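In our numbering, the protein residues as written are 242 to 544. Positions of the beta carbon are idealized from the N, C-alpha and C atoms, including for glycine. It should be emphasised that the depicted structure is a prediction, and the values quoted were computed from it without experimental measurement.
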């Protein structure tokens, strides 16, 4: 065979990678003068890198398609929660107004039906000054019902029930059900028949009733003292002071502590609930079996 008839040969070394081998190098690169050196590696190539980039871009798109709707639903739920609180506040303001106004008319109206009609009129009138209930309550303001209110006895117990519309309804859900209440004591006028002793003073968690507002158990007379002296101190009943189960147990005691004349505990926090008294004036028959105070219960006149 003569030299002029010789034809160059190319030996290809194939190293596969995912999907398909790239022949970019075979087509575009020139052949060397030495045929034996013309061996091409078809393994890793920019075309393979391009396919990986496409894979990651698709992954980001999939994550965004899942995360963005979830985040949007979360923020919409949060905004809806605050909107519900705002509506409840406005309804409660109108309900409290109606309860107080109806309590003032209780002595002049003997019919419970008449009182309920009057209470609903006051409620509707006050609620009309707000715009949110009409917009977000299912059925508007007139859909609020007061049918479960109780005006018997010595108190005006108003109760309203309604539904707040949700932005997106599923399975024909009516909405978020809300129940709100307001309680006021009926005003019976100024007593002039000498029966003031029918009223007594009680506290929320107390076990006795008091006939005098100035009773030592109601008038706490808070004093501060050094913690180092508390072991030697006694109250006016000659009882020792023990640590408060609330504030002393939570805080490290050092320096000043607080005591009362007739209390049995010392406190490290002036804002402790044990140093506060919420006092109610009620009828004697409403004490619910509470016994008379040992200090002022024997008195026949409320002061």
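Residue i, buried or exposed, once every other Cβ within 10 Å from all chains shown has been counted against 16
i           : result
residue 423 : buried
residue 352 : exposed
residue 316 : exposed
residue 449 : buried
residue 425 : buried
residue 372 : exposed
residue 575 : Because the chain here runs from 242 to 544, residue 575 falls outside it and cannot be looked at.
residue 268 : Reliability of the predicted coordinates at residue 268 is poor, the pLDDT of 45 falling under 50, and no value is obtained from them.
residue 345 : exposed
residue 360 : buried
residue 472 : exposed
residue 374 : buried
residue 453 : buried
residue 311 : exposed
residue 278 : Note that residue 278 has pLDDT 47, beneath the 50 cutoff, so the model's placement of it is unreliable and no number is given.
residue 280 : With a pLDDT of 44 at residue 280, under the threshold of 50, the predicted position of this residue should be treated as unreliable, though the coordinate-derived value follows. By the 10 Å Cβ count, residue 280 comes out exposed.
residue 290 : Confidence at residue 290 is low in this model, with a pLDDT of 49, below 50, so the placement of that residue should be treated as unreliable; the coordinate-derived value is given next. Exposed, since its Cβ has fewer than 16 Cβ neighbours within 10 Å.
residue 328 : buried
residue 314 : exposed
residue 307 : exposed
residue 326 : exposed
Spatially closest choice to residue i from the options, by CA coordinates
i           : options               : result
residue 520 : 456, 509 and 321      : 456
residue 400 : 453, 464, 302 and 364 : 364
residue 387 : 380, 394 and 402      : 402
residue 323 : 377, 532 and 389      : 377
residue 333 : 306, 421 and 487      : 421
residue 515 : 466, 471, 528 and 445 : 445
residue 447 : 459, 454 and 466      : 459
residue 393 : 357, 375 and 383      : 357
residue 427 : 354, 415 and 342      : 342
residue 461 : 478, 354, 517 and 470 : 517
residue 338 : 370, 319 and 313      : 370
residue 350 : 478, 395 and 465      : 395
residue 354 : 383, 318 and 389      : 389
residue 466 : 496, 318, 487 and 383 : 496
residue 476 : 318, 302, 487 and 463 : 463
Endpoints, the alpha helix (DSSP H) within which residue i is located
i           : result
residue 509 : Element bounds for residue 509: n/a, residue is neither H nor E.
residue 528 : Element bounds for residue 528: n/a, residue is neither H nor E.
residue 418 : Unbroken run through residue 418 is the beta strand (DSSP E), 417 to 426; no alpha helix (DSSP H).
residue 353 : 353 to 368
Check whether residue i and residue j have beta carbons under 8 Å apart
i           : j           : result
residue 482 : residue 505 : yes
residue 391 : residue 525 : no
residue 534 : residue 480 : no
residue 500 : residue 509 : no
residue 561 : residue 340 : As shown, the chain starts at 242 and ends at 544. That puts residue 561 outside it, with no answer to give.
residue 407 : residue 417 : yes
residue 507 : residue 484 : yes
residue 441 : residue 330 : no
Assumed close pair residue i, residue j - CB separation to whole angstroms, cut-off 8 Å
i           : j           : result
residue 379 : residue 419 : No, residue 379 and residue 419 are not in contact; Cβ-Cβ is about 10 Å, not under 8 Å.
residue 347 : residue 367 : Not confirmed; about 18 Å, so no contact.
residue 536 : residue 443 : With a Cβ gap of about 14 Å, residue 536 and residue 443 do not count as contacting.
Residue range of the unbroken beta strand (DSSP E) whose run includes residue i
i           : result
residue 404 : 396 to 405
residue 440 : 440 to 444
residue 376 : Note, residue 376: premise wrong, no beta strand (DSSP E); alpha helix (DSSP H) at 373 to 377.
residue 466 : 464 to 467
residue 497 : 497 to 500
Closer than 8 Å to chain D by CB, residue i
i           : result
residue 403 : Here chain D cannot be found, since the structure has a single protein chain.
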